[in-house]
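Single-structure report; data block below.
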Amino acid sequence: MEIIIINSNNFLRGDVNELQENLFEYGLDLRKVDSILGYSTVIQYMKKKLINPTILFDNNGKPYCKESPIKFNISHSNDIVVCAFSEVEIGIDVEYINFQNKEISNIYSLVLSNTELLEIHLLSEQKDRIHYFYQLWCCKESYVKKTGIGLKKKFSDIDIKKILPEEVCFSEIRLDNHYYCVACTDTIESIQIIEIRNFNQWKLEMGLTGVTV
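So for the sequence shown, our numbering puts the first residue at 123; every next one is plus one.
If you want it as structure tokens, here you go:
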């Protein structure tokens, strides 16, 4: 499994515009910076692997690369864009953890199962409750993205601890204390992480020539 982590905050508007124009060639008309960076990374990664980067979407809206042995998934939150690649189906989610958000408990019931609600209220510290909530949220997001069930299933109907280990494997991707990131795959995989901080580094990692770092 390869995980590419991009800090979009260091990309200039002109850099993003250049990538946006290139996406038109692949039938992708995107406006948001995180989507432009995510899909540009997927396309260039596939080209680097000598794979025809034709991006399609299934009936649940899950993107995939036509006739490619490599599966991918994209997530973004705040200034971070994460792209995951694997030879098996994969889902990934990243969330910015706002420990100052006192209103987050209002959505506990929308995301957590009854058992998970009981567990989270047993935690005495607010910080621990928020961290546990994001952990469960990321696991559920990555799970539905990996399986492709999308919006067909409510998060509160999913109990993470009841998902059998032989069904899927959750891998925590370490970023920093402000983000939580989880990848969901069929089996345990070794993880290679590439962190990208600017446009020149992005082009270098994508195998594009004529750049300076």
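Positions of the beta carbon are idealized from the N, C-alpha and C atoms, including for glycine.
Here the structure is a predicted model, which is why all the values come from computation and not from measurement.
Between the region 252–264 and the region 206–215, the count of Cβ pairs shorter than 8 Å is three or higher; the stretches touch.
Looking only at Gly329, Gly270, Asn236, the smallest Cα-Cα distance to Gly183 is reached by Gly270. Scanning its chain for C-beta atoms nearer than 6 Å, with the 5 sequence neighbours on each side dropped, one finds around Glu124 the residues Phe207, Gln314, in chain order. In the structure shown, Thr237 falls within a helical segment according to DSSP collapsed to helix, strand and coil.
By DSSP's assignment, Gln314 forms a beta bridge with Glu124.
Phe207 is bridged by DSSP to Glu124, Phe194. Under the DSSP assignment, Tyr256 falls in the alpha helix (DSSP H) whose first and last residues are 248–269.
According to the DSSP assignment, Phe292 belongs to the beta strand (DSSP E) that extends over 291–295. Looking from the CA of Asn174, the closest CA among Asp180, Val164, Asn181 belongs to Val164. Tyr161 and Gly149 have their alpha carbons spaced roughly 11 Å apart. Less than 8 Å separates the beta-carbon of Cys303 from that of Ile295. Between Lys193 and Val210, the C-beta spacing is below 8 Å. Under the three-state reduction of DSSP, Phe179 is assigned to strand. Sequence-distant Cβ neighbours of Asn200 in its own chain, meaning closer than 7 Å and more than five residues away, are Tyr218.
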